[in-house]
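Notes follow the structure.
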Amino acid sequence: METLTRDRLVLAARPAQAVSAVSIAAQSPLPNEDEDLGSEAFRAIDRMREALSAMATGGLSPAALALAFFDWSIHLASAPGKRMELADKAVWNWGQLLTYMAAAATRPDAPPCIEALPGDNRFRAEGWQEQPYTVWAQAFLLCQQWWNNVTHDVPGMTPHHEDVVSFTARQMLDMFSPSNIAFANPEVIQKATETGGTNFAQGFRNWLEDASRLAMRQPPVGTEAFRVGREIAATPGKVVYRNHLIELIQYSSATENVLAEPILIVPAWIMKYYILDLSPRNSLVRYLVSRGHTVFCISWRNPTAKDRDLALDDYRRLGIMAALDAVSAIVPERKIHATGYCLGGTLLAIAAAAMARAENRRLASVTLFAAQTDFSEPGELARFIDHSQMHYLDSMMWNSGCLSADQMAGAFQLLRTNDLVWSRLVHDYLIGERTPMSDLTAWNADPTHMPYRMHAEYLQRLYLDNELASGRFIVDGRPAHLQNIRVPMFVVGTERDHVAPWHSVYKIHYLTDTDVTFVLTNGGHNAGIISEPGHPGRRYRIALTREVDSGVSAEEWAVAALSKDGSWWPDWVEWLASHSARERVAPAAIGARKRGYPPIGDAPGTYVHQR
């Protein structure tokens, strides 16, 4: 934990002055500076206590968990019908398991009594189809199903608390999955037989190496093969603008002529920008440049504790608006195709709404990748966000000045522990083989910090209060209404998104009065966006909803939308061209020195290397 700043220590050490301030306030109705300082001293005590306890809880609020489990336990205790139902299901599950065991004893190919959930690959290997491993897997899956019933549909329970309890129960249950136990996992046993047990020694060496790197704050093993600016983030370009918060990269043209309207990409600041410029084979930036687009991309600075007071509006002003000014100066008299990813897309929607209200007509279109504008159903991350948890996080960030990268990464890993945690631990430490590193995995191991004020505002105003969808989000003293956006929109959701569920992303249809082309692609929050042509197994659905069309639900849209195989990137490029000037023009020069935007250095710049 970072050392508390001197001014907060002083506040916390002034209880006597605080008491005197309260006494004075009792004699006078007028507020005074000493009263404010005294109140802040009391608040500082609570914040310090929470910041210290967070070291033991990993940033999770004990009060939030206690409230959820108390809600669950008291309502379950007062629901005899629910308890009888659970007893009946337990007897039924035991009967199913015993029936299966009897059938499997005489017929090895007996069909299982329960199938794993979609996406659960723990028991897919051939060894799990043999006895006794298949019985252990079936028993675990039945137990998992029963606990899902225990934690769902409890009469009177708050939905948010239900989500928290079921999520926590699933995490605890997954810890004891037979796939995580060496003597119960046939893959581990087979490896131990083949190697004479040396796989455990190699696994221990892998663990020591990982623990050492973690203690020394070094990146994971294998990331050295993906160097920023060489193997990844290597599309040629120049940094043409820099302020305290962003570097703006202009990429070199790859064609003799280009579309007249440039593209500005606004990535999420929660991770490094180069997820959109990974290896040459799957770089969205390189793909756009090769198709005749002039591309600009924001590279966000990695904030430190000194940036604690950066606000959400600073990200809009110093980020999007400053970048738009630079693009307009470098490519004058042309409108701009603005594209936002994840948090960057949410902020772009806010900026576009504020620009529309101010009659700022610089945008030709708005594209949103996996970006939410309505947070009433924000997905699995909402399990970590309620008023108690928000106050806990606020105290942590108040103390350190920012939310650390490892805390953010840990929250995302909790959403997919089987894929991101347990499978890796089994493979690396029990089987003793290193999980192959990919460019996307290397990017995922390169997170950023989140400044205290900005992140607190984001969680409070968008996640908890849903100000944007309700028309109460204030920009420059006036509400930013999304229905003021009149430029066409291209919006992408992904089927298995744990961060921005596609049903939530789809709600942009209900909030805007413009043409919306919506794409639903298979994959998750990252893999669904990084969906280059030629990638096997890719598919998507696409449909245009015009401003005058009647609204339909997400499910109705999915049934009616056109289904296609392959990457959605070509459709987006075609859509961009259809909303651009017909004539192509000569590529713009890199930067505009006479207008105050000279080339500063080569891409990918300096901010991307900050840790």
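The sequence shown begins at 439 in this note's numbering and counts up by one.
Where is the CB? At the ideal position from N, CA and C, for every residue including glycine.
No experiment lies behind these values; they were computed from the predicted model shown.
Nearest-angstrom Cβ-Cβ length linking residue i and residue j, presumed shorter than 8 angstroms
i       : j       : result
Trp738  : Tyr711  : 7 angstroms
Leu702  : His599  : Incorrect: roughly 42 angstroms between the Cβ atoms, too far for contact.
Ser969  : Arg979  : Contact doesn't hold; Cβ gap of about 13 angstroms is too wide.
Cys551  : Thr572  : Not really, about 10 angstroms apart at Cβ, beyond 8 angstroms.
Leu781  : Trp707  : 6 angstroms
Ile768  : Ala1030 : 5 angstroms
Phe578  : Ser604  : Incorrect: roughly 17 angstroms between the Cβ atoms, too far for contact.
Met486  : Asn837  : 7 angstroms
Glu488  : Ser833  : 4 angstroms
Gly1039 : Val677  : 5 angstroms
Gly972  : Ala808  : About 22 angstroms; that fails the 8 angstroms criterion.
Pro917  : Cys840  : Not a contact, Cβ separation roughly 29 angstroms.
Ile869  : Lys629  : 5 angstroms
Leu756  : Cys735  : The pair is not a contact, with the Cβ atoms about 16 angstroms apart (cut-off 8 angstroms).
Distance, residue j Cα to residue i Cα
i       : j       : result
Met522  : Gly635  : 47 angstroms
Leu801  : Leu785  : 15 angstroms
Ala794  : Asn922  : 6 angstroms
Gly675  : Ile684  : 16 angstroms
Met595  : Trp510  : 6 angstroms
Gly1034 : Val704  : 22 angstroms
Asn531  : Val626  : 28 angstroms
Glu985  : Arg799  : 19 angstroms
Ser766  : His775  : 12 angstroms
Arg824  : Thr950  : First, the amino acid is wrong: residue 824 is Asp here, not Arg. Looking at the two C-alpha atoms, the distance is approximately 28 angstroms.
Pro885  : Arg545  : 51 angstroms
Leu555  : Arg934  : 13 angstroms
Gln827  : Ser842  : 16 angstroms
His865  : Glu871  : 6 angstroms
Ser491  : His513  : 29 angstroms
Pro889  : Asp752  : 11 angstroms
Glu905  : Thr959  : 28 angstroms
Gly420  : Gly557  : With the chain covering 439 to 1049 only, the question about residue 420 has no answer from this structure.
Ala981  : Ala1019 : 23 angstroms
Trp574  : Gln582  : 12 angstroms
Ala791  : His919  : 6 angstroms
Glu797  : Leu878  : 39 angstroms
Leu619  : His590  : According to the sequence displayed, residue 619 carries Ile and not Leu. Taking the straight line from one Cα to the other gives about 28 angstroms.
Ser401  : Gly962  : The displayed coordinates of the chain run from 439 to 1049. Any statement about residue 401 would go beyond what the structure contains.
Ser803  : Glu771  : 15 angstroms
Trp881  : Met875  : 10 angstroms
Asn695  : Thr777  : 22 angstroms
His1017 : Ile1028 : 24 angstroms
Ala787  : Ala639  : 52 angstroms
Lys1002 : Ile946  : 22 angstroms
Gly497  : Gly519  : 37 angstroms
Asp747  : His887  : 13 angstroms
Backbone secondary structure at residue i - three-state DSSP
i       : result
Trp738  : strand
Val430  : The structure shown has nothing for residue 430, since the chain only spans 439 to 1049.
Ser617  : helix
Leu806  : strand
Met927  : strand
Glu685  : strand
Ala776  : strand
Phe813  : coil
Thr673  : coil
Val937  : coil
Thr932  : strand
Ile869  : coil
Arg1033 : helix
Val678  : strand
Glu601  : In the sequence on display, residue 601 carries Asp and not Glu. Looking at Asp601 - three-state DSSP - the assignment turns out to be helix.
Arg746  : coil
Leu785  : helix
Val529  : helix
Met759  : helix
Pro885  : strand
Leu498  : coil
Gly660  : coil
Arg916  : strand
Gly1039 : strand
Item checked: Given 8 angstroms, three or more beta-carbon pairs between the region 800-816 and the region 938-946 -> yes
Checklist line | Entirely enclosed alpha helix (DSSP H) segments - the region 707-734, minimum 4 residues | finding: 722-728
Item checked: Validate contact between the region 986-997 and the region 648-665 using beta carbons, cut 8 angstroms, 3 pairs -> no
Note to self: For the region 690-697 against the region 723-734, do three or more pairs of beta-carbon atoms, one drawn from each stretch, fall closer than 8 angstroms, so that the two count as touching?
What the structure shows: yes
Item checked: Contiguous beta strand (DSSP E) assignments of at least 3 residues, all confined to the region 957-1011 -> 977-983 and 1000-1003
Check: How about the region 1003-1015 and the region 648-655: do they share at least three Cβ pairs that are nearer than 8 angstroms?
Finding: no
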